[in-house]
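Scroll down for the structure; my scribbles are underneath it.
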Amino acid sequence: VNIRKHPLEIPPPSEKDWPKDDEEDFFLLDPDRERDALPQPFRMINKLVMQVFESAMEIIEKREMLREAEKRKVQPTKCFPTAEFQVTGRANCLAVSGKYIFVGLSVGLAAFNTSDCKDVCAWDAAKTEICAIHASDLGNECHVLLAVDEMGLVWLFCFHKESFLLIKILNEVEDIRKRSTCVEVLLARGGDYAGILLQGNTKAWLEIYQLPKDSWLEELEENLGAAAGLACSERGSSCTSAVQNILRWTFLLQESSVSASQTDVELDPPVLLLTVKPPKPITGTHFKGPLDALKEVDDDSMLGLGYNHLIKDSQWELQEAIFRSTYREYLEAEGVIKEEIPRHATFHFLLPSRILVGPEMNVPDIPVGIGVHWDGNHNFCLYLLNHPLKEKVDSDLKPDVVWPCAAPIACSAVSSCSRYLALAGEDATITIWDKYLGYPLSVTAILEERSIRSIHFL
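Be aware that the sequence shown starts at 1, since it is given in full-length UniProt numbering, and climbs by one per residue.
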């Protein structure tokens, strides 16, 4: 028997057993393919094919990740119509107020009930096409409507007890050659004020009306009570026959209510508060010195419009000549655009704030002013609605507050609470103002070579 005297030891590695530089990862190789290496150019082809497969797998993984991310997103709810109502003619516009839907048709107006979508009342006396409509709930089943027809006339209606009452055509004139066309109409929330933007042959202006809704409600209630009393008196003096009594009472009630609601009711017309005209181009001064300009400011002239300056006409002409000579090649390439008086404006009704203080400060839901900006103008002008009587007929009504901007204002928006004001300039810059405190909250610049056409608060 051979017995080992010393334990078995692992011999130290020799230099010939050391791994070479190109065999550092030899333990990762498949031993079955150790002698199965491809010759050139097949190895290069194999490498390219493997890269194509790896790229394809990366693309597939990215698409699967995007698909999973889309599945995890909240999908919008698809809404389908639950009911429909039939209209006579073509429907051009609609407005919702209370439990009624008012539809502007190709011939007149129609009112529908939102609960059962049934036709409540229709108006087609003028046989005119309604292109735009605005409505507001006055309370006590009374609604005010502003409708614009195809000729640009503004019709003021009061809808009460399922009947249309025509109050007035706001821009109607006897001479058709002097007729103005309504471009835009706005009804204040609550129906206290209405504004219409009118355009004539060569000029444009904004008219603000106060709607006497309290007197309308009182007049309608009085006529409704008178109609009920007339029906009761006629019922007491009717024939003794029961059938004839019921028929006659029903007929008299309908006739008295119709006559009281359509013929006998004469509601008070709206009151014209303001007539706002676009700003005139800035021309040479008529002041003889700085003291005259300061006196004009003391006379309640508004700073910020640029009219109170000391630049003469000759200086304007010299500056214009220098500008044309300096940038002649650019002006010839783009063409010179002559400055014209703007013909379109955007306006908003504004609630009380520290900047606009009115007598309705204790009633926070009633507007106390309007904000107006005209196309191509840098200034956002604020006007109070409680001007003295001498300023109501002033041909050049001056704003109470002016907010100048660095670029012409392209569009604007007011939040539902009327505290925040957004102004978007033609330089694609959006400024959010706190109207209550009177300072800007943020300024955001959009990408270059972009233009902002509309802006809204959500």
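Backbone N, C-alpha and C define an ideal beta-carbon position, used for all residues, glycine too. Remember, it's a predicted structure, so these values are computed and weren't measured experimentally.
Nearest-angstrom Cα separation, counted from residue 315 out to residue 305: Here residue 305 refers to the residue found at position 305 when the sequence shown is read from its first residue. Here residue 315 refers to the residue found at position 315 when the sequence shown is read from its first residue. Residue 305 and residue 315: Cα-Cα distance of roughly 19 Å.
Nonlocal neighbours in the same chain, by C-beta distance under 6 Å from residue 187, ignoring five residues either side: Translated into positions along the sequence shown, residue 187 becomes position 187. Take residue 187, set aside five residues on each side of it, and the residues of its chain with a beta-carbon closer than 6 Å to its own are 134, 136, 146, 194, in chain order.
Selected residue, minimal CA-CA separation from residue 154, among 121, 104, 288: Mapped onto the sequence shown, residue 154 falls at position 154. Comparing Cα positions, the closest option is 104.
Whole-number beta carbon distance between residue 370 and residue 350, since they are thought to touch under 8 Å: What you label residue 350 is simply residue 350 of the sequence shown in a count that begins at 1. What you label residue 370 is simply residue 370 of the sequence shown in a count that begins at 1. Residue 350 to residue 370, Cβ: 6 Å. Contact.
Whole-Å CB distance - residue 83 paired with residue 100, under 8 Å assumed: Start at 1 with the first residue of the sequence shown, and residue 83 comes out as number 83. Start at 1 with the first residue of the sequence shown, and residue 100 comes out as number 100. Incorrect: roughly 15 Å between the Cβ atoms, too far for contact.
Limits of the alpha helix (DSSP H) - the one that residue 349 falls within: Walking along the sequence shown from the start, residue 349 turns up at place 349. That residue, residue 349, is in no alpha helix (DSSP H); its beta strand (DSSP E) goes 345-350.
C-beta atoms of residue 126 and residue 185 nearer than 8 Å: Indexing the sequence shown from 1 puts residue 126 at position 126. Indexing the sequence shown from 1 puts residue 185 at position 185. For the pair residue 126 and residue 185, the CB atoms are not nearer than the 8 Å cut-off.
Alpha carbon of residue 274 to alpha carbon of residue 81, nearest angstrom: Along the sequence shown, one-based indexing puts residue 274 at 274. Along the sequence shown, one-based indexing puts residue 81 at 81. If you take the alpha carbons of residue 274 and residue 81, they lie about 43 Å apart.
Contacts around residue 381, its chain only, beta-carbon distance under 6 Å, and the 5 residues preceding and following it disregarded: If you number the sequence shown from 1, residue 381 lands on position 381. Within the same chain, residue 381 has close Cβ partners 372, 399, 402.
In chain order, each beta strand (DSSP E) run of at least 3 residues that lies wholly inside the region 122-178: The region 122-178 contains these whole beta strand (DSSP E) runs: 130-139, 142-149, 154-160, 164-169.
Residue 107 versus residue 456 - alpha carbon distance: As a first step, residue 107 is located in the sequence shown; it is residue number 107 there, counting from the start. As a first step, residue 456 is located in the sequence shown; it is residue number 456 there, counting from the start. In this model, residue 107 and residue 456 are separated by some 32 Å (Cα to Cα).
Beta-carbon proximity of residue 276 to residue 397, cut-off 8 Å: The residue labelled residue 276 in the question sits at position 276 within the sequence shown. The residue labelled residue 397 in the question sits at position 397 within the sequence shown. With contacts defined as CB atoms closer than 8 Å, residue 276 and residue 397 qualify as a contacting pair.
Assigned secondary structure, residue 414 (DSSP; H/G/I helix, E/B strand, else coil): In the sequence shown, residue 414 corresponds to position 414, counting from 1. Three-state DSSP puts residue 414 in a strand.
Span of the beta strand (DSSP E), counted from its first residue to its last, around residue 59: For the purposes of this step, residue 59 is taken as residue 59 along the sequence shown, with counting starting at 1. From DSSP, residue 59 is part of no beta strand (DSSP E) but of the alpha helix (DSSP H) over 42-72.
Rounded straight-line distance, which links the Cα of residue 55 to that of residue 72: For the purposes of this step, residue 72 is taken as the residue at position 72 of the sequence shown. For the purposes of this step, residue 55 is taken as the residue at position 55 of the sequence shown. Answer to the nearest angstrom: the Cα atoms are 26 Å apart.
Straight-line Cα distance separating residue 217 from residue 140: As a working mapping, residue 140 is identified with position 140 in the sequence shown. As a working mapping, residue 217 is identified with position 217 in the sequence shown. The alpha-carbon atoms of residue 140 and residue 217 are separated by roughly 8 Å.
Residue 173 burial status per 10 Å Cβ neighbour count (16 or more: buried): Here the question's residue 173 lines up with position 173 in the sequence shown. Looking at its Cβ environment, which holds fewer than 16 other Cβ atoms inside 10 Å, residue 173 is exposed.
Alpha carbon of residue 279 to alpha carbon of residue 342, nearest angstrom: As a working note, residue 279 is residue 279 in the sequence shown. As a working note, residue 342 is residue 342 in the sequence shown. Spanning the alpha carbons of residue 279 and residue 342 requires a straight line of approximately 8 Å.
Residue burial classification, residue 345 (beta-carbon count within 10 angstroms, cutoff 16): What you label residue 345 is simply residue 345 of the sequence shown in a count that begins at 1. Classification of residue 345: buried, given that the 10 Å Cβ count is 16 or more.
Reference residue 270; option with closest CA among 452, 453, 214: Residue numbering aside, residue 270 sits at position 270 when the sequence shown is read from its first letter. With distances taken between Cα atoms, residue 270 lies closest to 214.
Whole-angstrom distance between residue 266 and residue 415, CA atom to CA atom: Start at 1 with the first residue of the sequence shown, and residue 415 comes out as number 415. Start at 1 with the first residue of the sequence shown, and residue 266 comes out as number 266. Residue 415 and residue 266: Cα-Cα distance of roughly 36 Å.
Option nearest residue 313 by Cα separation, candidates 281, 385, 326: Residue numbering aside, residue 313 sits at position 313 when the sequence shown is read from its first letter. Considering only alpha carbons, the answer is 281.
Pairwise C-alpha distance: residue 437 and residue 220: Counting from one through the sequence shown, the residue named residue 220 turns up at place 220. Counting from one through the sequence shown, the residue named residue 437 turns up at place 437. Roughly 41 Å separates the two Cα atoms.
Under the three-state DSSP convention, the category residue 292 falls into: As a first step, residue 292 must be located in the sequence shown, where it is residue number 292. In the structure shown, residue 292 sits in a helix (DSSP, three-state: H, G or I).
Simplified DSSP assignment, three categories, for residue 198: Working through the sequence shown from its first residue, we reach residue 198 at position 198. Three-state result, residue 198: strand.
Beta strand (DSSP E) segment containing residue 319, residue limits: Counting from 1 along the sequence shown, the entry for residue 319 is found at position 319. From DSSP, residue 319 is part of no beta strand (DSSP E) but of the alpha helix (DSSP H) over 313-326.
Run of the beta strand (DSSP E) containing residue 386, from where it starts to where it stops: The sequence position of residue 386 within the sequence shown is 386, counting from 1. Note, residue 386: premise wrong, no beta strand (DSSP E); not H, not E.
Which listed residue (309, 178, 324) has its alpha carbon closest to that of residue 198: Your numbering for residue 198 matches position 198 in the sequence shown. Measuring from the Cα of residue 198, the nearest candidate turns out to be 178.
Residues of its chain near residue 148, where Cβ-Cβ distance is below 8 Å and the 5 sequence neighbours each way are ignored: Taking the sequence shown and counting its residues from 1, the one referred to as residue 148 is at position 148. Closer than 8 Å at the Cβ level, and outside the excluded window around residue 148, lie 130, 131, 132, 133, 154, 155, 182, 185.
Identity of the residues DSSP links to residue 209 by a beta bridge: Along the sequence shown, one-based indexing puts residue 209 at 209. Residue 209 has 194, 272 as its beta-bridge partners, per DSSP.
Proximity of residue 453 and residue 428 at Cβ, strictly below 8 Å: Indexing the sequence shown from 1 puts residue 453 at position 453. Indexing the sequence shown from 1 puts residue 428 at position 428. It is not a contact, given that the beta carbons lie outside the stated cut-off.
Neighbourhood of residue 444 by C-beta distance below 6 Å, restricted to the same chain and skipping five residues each side: Here the question's residue 444 lines up with position 444 in the sequence shown. Excluding positions up to five away in sequence, the list reads 430.
Burial state of residue 157 (16 or more Cβ within 10 Å): If you number the sequence shown from 1, residue 157 lands on position 157. Under this definition residue 157 is a buried residue.
Bounding residues of the beta strand (DSSP E) (the contiguous stretch that carries residue 442): The residue you call residue 442 lines up with position 442 of the sequence shown. Element bounds for residue 442: 439-445.
Assigned secondary structure, residue 97 (DSSP; H/G/I helix, E/B strand, else coil): Within the sequence shown, residue 97 is the residue found at index 97, counting from 1. Strand.
Residue nearest to residue 98 in terms of C-alpha spacing, selected from 162, 224, 379, 330: Counted from its first residue, the sequence shown places residue 98 at position 98. When only C-alpha atoms are compared, the closest one is 162.
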